[in-house]
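Report on the following structure.
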């Protein structure tokens, strides 16, 4: 598990995440937490989702992330 921790980015800038999450939740049928996860991923990717892989086991979240432009690793 420690190897995985070295490969992710933790986003703490909620003021940057929130507007992206609000946009995402308006476009996809997501729960607030899922929209925040995609919003944080967009911040980490500097708004270029093609630069990061998005990992999830949730099918709805995976579909939304893929539609946002992320390459999804999961279901």
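Numbering (my numbering), first residue to last: 1 to 75.
Heads up, the beta-carbon is just placed ideally off N, CA and C, and yes, glycines get one too.
Mind checking whether residue 17 and residue 55 have CB atoms under 9 Å apart?
Contact annotation: residue 17 and residue 55 have beta-carbon atoms that are not nearer than 9 Å.
How would you write the range of the beta strand (DSSP E) that residue 73 sits in, first residue to last?
Its beta strand (DSSP E) spans residues 71-73.
Kindly identify the DSSP beta-bridge partner or partners of residue 68.
When beta bridges are read from the DSSP output, residue 68 appears opposite no residue.
Note down, in chain order, each residue of its chain lying with its Cβ closer than 8 Å to the Cβ of residue 53, except the 5 sequence neighbours on either side.
Closer than 8 Å at Cβ, skipping near neighbours: 70, 71, 72 and 73.
Report the option in 26, 36, 24 and 32 whose CA atom is closest to the CA atom of residue 13.
Its Cα nearest to that of residue 13, the residue 36 stands out among 26, 36, 24 and 32.
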